[in-house]
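Engineer: I'd like to ask you about the structure that follows.
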Amino acid sequence: MLLPSPAMAATAGPGRAVVQSKVGLNVRSGPHLRDRVLSRLAHHQAVSITCRVRGQQIVGSVRTTTTWVRLTNGGYASDAFLSWATRRASTPTCSALALPAGSGVVNLPFPMNVRSGPATSHAIVGSVGAAAVVRPMCRVWSQTISGNPVWYQLGVRRFVTAAFVRWPNGEPRLPWCGAAPPSAPSSTKAFLASVIGPAQASARTWKVPASVTIAQAILESGWGRSPLAVTEHNLFGMKCFGDPGPIAIGCSTYATRECSGKRCYATRDAFRSYRRVSDSFADHGRALARLSYYKTAMKYAASPDRFALELQRAGYATSPAYAAHLVRVMRDNNLYRYDVALRP
1325 MLLPSPAMAA
1335 TAGPGRAVVQ
1345 SKVGLNVRSG
1355 PHLRDRVLSR
1365 LAHHQAVSIT
1375 CRVRGQQIVG
1385 SVRTTTTWVR
1395 LTNGGYASDA
1405 FLSWATRRAS
1415 TPTCSALALP
1425 AGSGVVNLPF
1435 PMNVRSGPAT
1445 SHAIVGSVGA
1455 AAVVRPMCRV
1465 WSQTISGNPV
1475 WYQLGVRRFV
1485 TAAFVRWPNG
1495 EPRLPWCGAA
1505 PPSAPSSTKA
1515 FLASVIGPAQ
1525 ASARTWKVPA
1535 SVTIAQAILE
1545 SGWGRSPLAV
1555 TEHNLFGMKC
1565 FGDPGPIAIG
1575 CSTYATRECS
1585 GKRCYATRDA
1595 FRSYRRVSDS
1605 FADHGRALAR
1615 LSYYKTAMKY
1625 AASPDRFALE
1635 LQRAGYATSP
1645 AYAAHLVRVM
1655 RDNNLYRYDV
1665 ALRP
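In terms of my numbering, the sequence shown has 1344 at position 20, counting the first letter as 1, and numbering is strictly consecutive.
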């Protein structure tokens, strides 16, 4: 390995190295030879280094390596032409750097396309460099890339796939694009007033008794105060089974409890996220009316108590006392008064 001269070594410190290339060393916009050249470093020039990142393998005068370095004044240079005054391992990887809240890192050795919409069918409007820091505004459920259906919106008509974004400090719970902001009811009375209309609209469209729908919303959302209800506008614990379906806009993972026979246990599952609360009611009514499991329950749309019993028998919930809980909530709050006449 070529070493810097004693004078150069004296000025070098942690995160510093010296260029060992008689023809100079290009500084690029990313860790790949296809990336744009930003500037050129001279032979024996000292450089200050922020972090290391994996990129294209380069055969250089010092070593053959896939490691590139991000310089403090911007750009990337191959480590193949650098001699270090200190241990290379003491310089952190770029993904290990402290990032601003809500920031991810592009996990590619080359730039990632930015598109005008959340799919490869949309036009390319730019790119973000390898190992570049991105700060998404929100997320969209769309085309699956490398097994990941989520896309991030970076700005107006600027989207990237989430498949190649890494979160060194843990992925934040980004909102779904277009969703109403989180909202919790001020009281049980306020919650009840807010759900009567959507429940009756669902009854008219799907013939699910409004009294049962409201009771389910009360039980499953804790009067609209559960994290799933407040953040995802999901009042019924509607789950994702691989995708959000035609009404929800995404799937978010939450802790939950399931029961099998007499044993209940804690687990995590993917739940549907909605633009607004009314969409949650529409999706709930649609599911009960269209899924074959609930065909028997739908025969008792004019008899809410029996409807609740048939929901439990059909396996709507894993709790063995689910129907009894629904009936108690309907009676305690006189929810039957909100039922509407259903057309045959």
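Positions of the beta carbon are idealized from the N, C-alpha and C atoms, including for glycine.
Could you give the distance in angstroms between the alpha-carbon of S1440 and the alpha-carbon of G1479?
Structural biologist: Working through the sequence shown from its first residue, we reach residue 1440 at position 116. Working through the sequence shown from its first residue, we reach residue 1479 at position 155. Those two C-alpha atoms are separated by around 10 Å.
Engineer: Rounded to whole angstroms, what's the CA-CA distance from V1351 to I1448? Just pull it up for me.
Structural biologist: Within the sequence shown, the letter at position 27 stands for residue 1351. Within the sequence shown, the letter at position 124 stands for residue 1448. Distance between the alpha carbons of V1351 and I1448: 25 Å.
Engineer: DSSP three-state call for R1652: helix, strand or coil?
Structural biologist: By 1-based counting over the sequence shown, the position of residue 1652 is 328. R1652 falls in the helix class under three-state DSSP.
Engineer: Quick one: grab the DSSP three-state call for A1413.
Structural biologist: Start at 1 with the first residue of the sequence shown, and residue 1413 comes out as number 89. Reduced to three states, the DSSP call for A1413 is helix.
Engineer: How would you call S1511, buried or exposed, if buried means at least 16 neighbouring beta carbons within 10 angstroms?
Structural biologist: Numbered from 1 along the sequence shown, position 187 holds the residue referred to as residue 1511. The residue in question, S1511, is exposed, as its Cβ has fewer than 16 Cβ neighbours within 10 Å.
Engineer: Spatial neighbours of T1374 within its chain, please: CB distance less than 6 Å, with the 5 preceding and 5 following residues excluded, ordered by chain position.
Structural biologist: In the sequence shown, residue 1374 corresponds to position 50, counting from 1. Within the same chain, T1374 has close Cβ partners R1394, T1396.
Engineer: Would the beta-carbon of I1750 fall within 8 Å of that of Y1640?
Structural biologist: Residue 1750 lies beyond the stretch modelled for the chain, which goes from 1325 to 1668, so this question has no answer here.
Engineer: Mind checking T1388: buried by the 16 CB within 10 Å criterion, or exposed?
Structural biologist: Numbered from its first residue, the sequence shown carries residue 1388 at position 64. Under this definition T1388 is an exposed residue.
Engineer: Does DSSP put G1566 in a helix, in a strand, or in coil?
Structural biologist: Start at 1 with the first residue of the sequence shown, and residue 1566 comes out as number 242. DSSP places G1566 in coil when its eight states are reduced to three.
Engineer: What does the Cβ neighbour count give for P1496, buried or exposed, with the cut at 16 atoms within 10 Å?
Structural biologist: Translated into positions along the sequence shown, residue 1496 becomes position 172. Label assigned to P1496: exposed.
Engineer: With the cut-off set at 8 Å, would you say V1452 and R1463 are in Cβ contact?
Structural biologist: Counting from 1 along the sequence shown, the entry for residue 1452 is found at position 128. Counting from 1 along the sequence shown, the entry for residue 1463 is found at position 139. It is not a contact, given that the beta carbons lie outside the stated cut-off.
Engineer: Taking C-beta to C-beta, are A1487 and A1409 nearer than 8 Å?
Structural biologist: Residue 1487 sits at position 163 when you count from the first residue of the sequence shown. Residue 1409 sits at position 85 when you count from the first residue of the sequence shown. No, they are not a contact pair.
Engineer: Can you list, in chain order, the residues of its chain whose CB lies under 6 Å from that of R1630, leaving out five sequence neighbours each side?
Structural biologist: For this step, residue 1630 is matched to residue 306 along the sequence shown. Cβ within range, chain order: Y1624.
Engineer: Using CA coordinates, which residue listed in A1366, A1665, S1597 is at the minimum distance from A1553?
Structural biologist: Counting from 1 along the sequence shown, the entry for residue 1553 is found at position 229. The shortest Cα separation from A1553 among A1366, A1665, S1597 belongs to S1597.
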